[in-house]
Each structure stands twice: as C-alpha cells, then as structure tokens.
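Engineer:
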Amino acid sequence: MRRLLVLLLALAAIFAVVIVASSGTKQVPYPEGYRSWTHVKTLILRPGHPLYDGFGGIHHVYANDKALRVLKAGSGTFPDGSVLVFDLFEAPEADNAISEGNRKVTAVMVKNAKLYKETGGWGFEAFAGGDPTKRVVKDPVKDCYTCHTGQAHRDYVFSQWRQ
Ligand code: HEC
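Residue numbers for the sequence shown follow the numbering used here, beginning at 1 and rising by one.
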C-alpha cells in the first residue's frame with residue numbers, strides 16, 4: 001500500500017515537471033488566421049538575386065494588429081505578441097504575367113522578449129509548404145536571426161509600412 005502511494009506521488013511529480021516544461025515551450029505557434037491580417041508588402045525575387053536559392057519567388061508580408069501599430073509608427077520596439085508572417089510562393093511566368101504558384105514556405109516571427117532573448121526577443125520558425133506540421137528551422141540563430149541582425153536598429157524587422 002505504502003509502495004503504491006510512493007509510486008503515485010512519483011508519477012504525479014513527473015507529470016508536474018512535464019507540464020511546467022511544456023508550458024514554457026519555445027516552439028513558435030503556427031500563425032492561425034494570418035491571411036486575414038494586414039498585408040504589409042509584396043516582393044518578387046527573380047533568378048540571379050543572391051537570395052534566390054532560399055527566397056526566390058513572390059512573397060507577401062503580413063502583420064497582426066500589435067505588430068502593425070509599430071510598423072505604422074515607423075519606429076519603436078515591438079510588444080510581446082507581435083507576429084509577422086512572410087508567405088513565399090513560386091512565381092511562374094507565362095503570357096507576360098507573373099502569378100502565384102505553389103506555396104514554398106510560410107516564415108514567422110513572434111515577439112516574446114523573455115522566451116526568445118537569444119534571438120532579439122523574436123521566435124523564428126518556418127513551415128514548409130505552409131503546413132503547420134512541417135517545421136523547418138533547426139537553428140534559429142544561424143538560419144534566421146543572424147541575417148535579421150542587420151536590422152537591429154528597427155527591432156530586427158526589415159519590412160516598413162508605406163502609406
Ligand atoms: C539572408 C537573409 C535572411 C535570412 C537568412 C532570413 N531572412 Fe527573414 N527577411 C529577410 C529580408 C531581407 C526580409 C524583408 C523582405 C521584404 O522586404 O519583403 C525578411 C523578412 C522576414 C519577415 C517579415 C518581417 C520583416 O522582417 O520584414 C519574416 C517573418 C521573416 N523574414 C522570417 C524569417 C525566418 C523565420 C527566417 C529563418 C527561417 C528568416 N527570416 C531568414 C532576410 C532574411
């Protein structure tokens with residue numbers, strides 16, 4: 001009986017540890033509903049551009065309301081909960097038109113100053129083909145943050161709001 005009690009207590013302790021560990025997870029959530037957020041800008045990278053291999057195609061940038069406020073202000077630190085999305089598509093050219101092809105990747109930056117302090121307070125993730133189950137970032141510092149540090153003076157964000 002006593003053994004059973006000890007075992008139950010041990011199990012309870014293990015569950016508690018698992019719950020605490022997972023609630024502090026660093027995993028960047030898939031940005032549900034971002035297609036209804038505000039479109040910030042669009043850019044097409046064509047063959048010959050130095051970033052073509054990774055980012056070739058047409059991409060749209062979206063911001064949620066928290067991020068949008070800072071973009072519109074033109075400067076400032078993005079508050080926790082700000083989310084920016086970089087949605088990249090193939091850009092097939094036909095009949096003198098460039099159109100959106102298949103989605104290549106949906107890249108995300110989510111602000112949480114404490115959780116992601118090693119990467120400027122931003123969590124970086126990318127979803128292959130826009131599939132929420134296909135995470136592609138192995139090392140957020142090497143894969144994403146290092147390049148975004150060029151924008152440290154704008155809180156690591158490249159995109160700017162145009163009227
Ligand atoms: C080689 C440099 C480089 C790397 C590496 C890089 N980015 Fe970016 N990122 C950019 C540039 C440049 C823009 C601005 C694009 C534009 O102006 O439309 C950008 C834009 C973004 C945006 C929109 C917000 C903003 O800053 O304008 C998100 C979200 C984003 N990147 C996420 C990521 C993620 C996630 C990774 C890692 C998988 C990553 N980036 C890796 C250069 C980079």
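Quick reminder that beta carbons are idealized off the backbone N, C-alpha and C, glycines included.
Could you tell me which of H148, N96, G54 and S36 sits nearest to A63, measuring between CA atoms?
Structural biologist: Counting from 1 along the sequence shown, the entry for residue 63 is found at position 63. Here the closest residue by C-alpha is S36.
Engineer: What span of residues does the alpha helix (DSSP H) with F55 cover, start to end?
Structural biologist: Within the sequence shown, numbered from 1, the residue matching residue 55 stands at position 55. Counting along the chain, the unbroken alpha helix (DSSP H) around F55 starts and ends at Y52 to F55.
Engineer: Grab the span of the alpha helix (DSSP H) containing D80 for me, first residue to last.
Structural biologist: Residue mapping note: residue 80 aligns to position 80 of the sequence shown, counting from 1. Counting along the chain, D80 falls outside any alpha helix (DSSP H), and DSSP gives it neither H nor E.
Engineer: Could you compute how far the alpha carbon of V105 sits from the alpha carbon of Q151?
Structural biologist: Against the sequence shown, residue 105 aligns to sequence position 105. Against the sequence shown, residue 151 aligns to sequence position 151. About 22 Å.
Engineer: Excluding the five sequence neighbours on either side, which residues of its own chain have a C-beta within less than 7 Å of the C-beta of D155, listed in chain order?
Structural biologist: On the sequence shown, residue 155 is found 155 positions in, with the first residue counted as 1. Hits under 7 Å: T77 and F78.
Engineer: What residue from D87, D65 and L115 has the CA that sits closest to E100's CA?
Structural biologist: Working through the sequence shown from its first residue, we reach residue 100 at position 100. Closest in alpha carbon position to E100, among D87, D65 and L115, is D87.
Engineer: Is the stretch 114-124 in contact with the stretch 138-145, if contact means three or more CB pairs nearer than 8 Å?
Structural biologist: Per the Cβ contact rule, the stretch 114-124 is in contact with the stretch 138-145 (3 or more Cβ pairs under 8 Å).
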